[in-house]
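Data first, discussion second: the structure below is written as structure tokens.
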Amino acid sequence: MLKMTIDQAQEQIVEEFSVFADWMEKYTYLIDLSKELQGFKEEYRNGNNLIKGCQSQVWLQDEYKEGKITFYADSDAIITKGMIALLVRVLSDRTPDEIATAELWFVDKIGLKTHLSPTRSNGLISMIKQMKLYALAYKAKYQS
Amino acid sequence: MIDVQAIRNDFPLLQQKIYNRPLVYFDNAATTQKPQIVIDTTNEYYQKYNSNIHRGVHSLSEKMTESYENARRTIKGFVNAQYQHEIIFTSGTTEAVNLVAFSFGEKFIKKDDEIILSQLEHHSNIVPWQLMCERTGAKIKVIPATYSGDLDLSAYERLFSDKTKIVSVNHVSNSLGTINDIEKIIKIAHCHNVPVFIDGAQGIHHQPVDVQKLDCDFYAFSGHKIYGPTGIGVLYGKEKWLNEMPPYKGGGDMIKAVTFEKTTYNDLPFKFEAGTTNFIGAIGLSAAIKYIEKIGRQNIFEYEELLLNYATEKIKTIPDIRIYGTSENKISVISFLVGKIHHFDTGMMLDKMDIAVRTGNHCNQPIMKFYGIEGTVRASLSFYNTTSEIDYLIESLLKIKQLFA
Ligand SMILES: Cc1ncc(COP(=O)(O)O)c(C=O)c1O
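Residue numbers (this note's numbering), protein chains in the order written: chain A, 1 to 144; chain B, 1001 to 1405.
Spelled out as structure tokens, the structure:
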């Protein structure tokens, strides 16, 4: 099966969230997603990978293979981790070009935009920035 | 006792709904809501009397100057200072600490001198002193805290040497709620002939403060934490210190005569109030103080103690709850964590349930490090909060606990 594009992945998330009637169901789902987040090894939890938000911390590890970047991430806060699961689903295992140019519109559509507001300082905005920076770096390295 | 329902009606913000329910505002240590009289007074002065102080001969300016100086008198009475000119208006506690750290440091502190702070300090009572130490080469010594969040006063006594120049501690800890025994702290320091600065940002509105009885050398607080406007604060300082200290900022109103060769400074308090101050803020603060005095600080203290005891008992019934700061002497602040749930997760969920709390390290990283945690959830209660709001908090915490189980 062909892998979904970034936009298709976002559409799928919006559809998943459309069945929830209230915030409680949404957050329960985020908590479930956090539990399913896989691939993060303990050795990734180091100072180099740490993105320190004021409220919660995020660790981000990248891996480049055959023209694609895979991301592994974790957080000490569960809600942040649930958000990470969604972001990784959309952005991981893609080419540097795809990641660098991606527009993340799904967060607004599912009503969780506040999690990406700078005032929440949960580390997620910095994480996305970091993902895009990695993408640009790999692009410069392998595609020039 | 006080009539909470009547008091709540004085606060327009408490009437609004944030998501669906009436807002439960438990973030009073960060900033307090404003009673109608503070809002009205501020509006009225902007609408009818606005005019720069100490400058015009016209009647508006005179009226404004008079009101500003009346506000100073109100505050002098509120803290029971000996002289009105011992009350300096600042932008807040932070500026007051910076002022004293700078000016006292310039005059009295040199290389290898020592100052004493405590482990419970807010960053704003740490960093200005560090800046001063960088300039002068002085060193900071720290009063340790015990696990309950009390200061270890016998360790404190041992910190003094003949190089100790000043002690600066808070009256009440913002993250744990501990009411420090400042009377004793001041006495001990004075035995060593060392002056004491009290950061009263969390102290002054929960209990009566008498700076002469305390005999503190400096006492600072912020308007916005005491039901007044933001951007205004107070530094009380003993005349003898303020007279000896050089100005902190230069500008208009703080001078007597200026030539390019030499400037002579104005008398107290103007020497420390350079430029146009937040004069309408000062009047708003004075309105807030009158409002508090009408309710009575002793009444406030008793009611808030009742809230604290009620909340502490209730919150303890939640399995796996950990309360940080369990001093015998506390204001109505409860810092806690529920089981293994991250403070941010708890705070996010409480927000969804229309309860405003603060989460994180509360500008208090040293004490978080002491407990080996990243942060806490902090509910800080005020006299407009109710026991039924506390019940709702407990109910919500139990729900959150289930959700994250
Ligand atoms: C104990 C303490 N000191 C100082 C401050 C700083 O006050 P402001 O930001 O109003 O200057 C605060 C504010 O949270 C505080 O709680």
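Using N, Cα and C, we set each Cβ at its ideal position, and we do this for glycine too. If you're wondering where the values come from, they're calculated on a predicted model, not measured in any experiment.
Alpha-carbon spacing of residue i relative to residue j, whole angstroms
i: H1085(B); j: A1101(B); result: 20 Å
i: H1058(B); j: I1289(B); result: 29 Å
i: E1095(B); j: I1232(B); result: 10 Å
i: G1360(B); j: N1266(B); result: 43 Å
i: Q61(A); j: I99(A); result: 15 Å
i: K1256(B); j: A1071(B); result: 23 Å
i: K35(A); j: H1342(B); result: 15 Å
i: G39(A); j: D76(A); result: 16 Å
i: G123(A); j: E16(A); result: 25 Å
i: G1339(B); j: I1088(B); result: 46 Å
i: A21(A); j: G111(A); result: 12 Å
i: T1326(B); j: K1316(B); result: 12 Å
i: E42(A); j: D1027(B); result: 36 Å
i: E1044(B); j: L104(A); result: 47 Å
i: Y1219(B); j: I1186(B); result: 12 Å
i: Q1036(B); j: E1121(B); result: 32 Å
i: K109(A); j: D97(A); result: 24 Å
i: Q57(A); j: E1244(B); result: 47 Å
i: E11(A); j: D74(A); result: 24 Å
i: T28(A); j: L1403(B); result: 7 Å
i: L1159(B); j: P1128(B); result: 20 Å
i: Y1371(B); j: G1077(B); result: 40 Å
i: L1306(B); j: E1313(B); result: 11 Å
i: Q1212(B); j: A1138(B); result: 29 Å
i: D1010(B); j: I1283(B); result: 18 Å
i: Y1310(B); j: L1397(B); result: 16 Å
8 Å contact criterion, which residue i and residue j should meet: CB distance rounded
i: Y1083(B); j: E1239(B); result: 6 Å
i: L1099(B); j: F1272(B); result: 6 Å
i: I125(A); j: L87(A); result: With 8 Å as the limit, I125(A) and L87(A) do not qualify as a contact, their Cβ atoms being about 11 Å apart.
i: T95(A); j: K52(A); result: With 8 Å as the limit, T95(A) and K52(A) do not qualify as a contact, their Cβ atoms being about 29 Å apart.
i: I13(A); j: M1348(B); result: Not really, about 19 Å apart at Cβ, beyond 8 Å.
i: N1278(B); j: S1091(B); result: 7 Å
Beta-carbon gap between residue i and residue j smaller than 8 Å
i: S1335(B); j: S1175(B); result: yes
i: I1331(B); j: E1302(B); result: no
i: S1118(B); j: V1097(B); result: no
i: P1195(B); j: D1217(B); result: yes
i: I1394(B); j: I1318(B); result: yes
i: G1275(B); j: D1253(B); result: yes
i: V1234(B); j: I1075(B); result: yes
i: V1172(B); j: I1179(B); result: yes
i: S117(A); j: C54(A); result: no
i: D1152(B); j: H1190(B); result: no
i: V90(A); j: F71(A); result: no
i: D1345(B); j: L1023(B); result: no
i: P1208(B); j: R1297(B); result: yes
i: K1163(B); j: E1106(B); result: no
i: I1143(B); j: I1116(B); result: yes
i: L33(A); j: A102(A); result: no
i: L37(A); j: K81(A); result: yes
i: I1292(B); j: I1280(B); result: no
i: Q1033(B); j: L1013(B); result: yes
i: I1199(B); j: T1093(B); result: According to the sequence as given, residue 1199(B) is Asp; it is not Ile. Yes, these two residues count as a Cβ contact at 8 Å.
i: L1337(B); j: R1358(B); result: no
i: R45(A); j: W23(A); result: no
i: I1367(B); j: A1155(B); result: no
i: M83(A); j: L133(A); result: no
i: I1007(B); j: F1383(B); result: yes
i: L1308(B); j: L1268(B); result: no
i: V1333(B); j: S1380(B); result: yes
Bounding residues of the alpha helix (DSSP H) (the contiguous stretch that carries residue i)
i: T1387(B); result: T1387 to F1404
i: A1029(B); result: Here A1029(B) belongs to no alpha helix (DSSP H), and DSSP marks it neither H nor E.
i: N1309(B); result: R1297 to K1316
i: A82(A); result: Here residue 82(A) turns out to be Gly, not Ala, going by the sequence shown. Per DSSP, G82(A) belongs to the alpha helix (DSSP H) from I78 to L91.
i: K1240(B); result: E1239 to E1244
i: F1108(B); result: T1093 to F1108
i: W23(A); result: W23 to E36
i: A140(A); result: L124 to Y142
i: G1347(B); result: H1343 to K1352
Range covered by the beta strand (DSSP E) that runs through residue i
i: Y1324(B); result: I1321 to Y1324
i: G1077(B); result: That residue, G1077(B), is in no beta strand (DSSP E); its alpha helix (DSSP H) goes S1059 to V1079.
i: L1337(B); result: V1333 to V1338
i: K52(A); result: L50 to K52
i: E1114(B); result: E1114 to S1118
i: Q57(A); result: Q57 to K65
Residue-chain proximity (residue i, chain C), Cβ-Cβ < 8 Å
i: G1360(B); result: Note that chain C does not occur in the displayed structure, where the protein chains are A and B.
Using the beta carbon as the reference atom, which residues fall closer than 5 Å to any heavy atom of ligand 1, ordered along the chain?
-> G1092(B), T1093(B), T1094(B), H1122(B), S1124(B), N1170(B), N1174(B), D1199(B), A1201(B), Q1202(B) and S1222(B)
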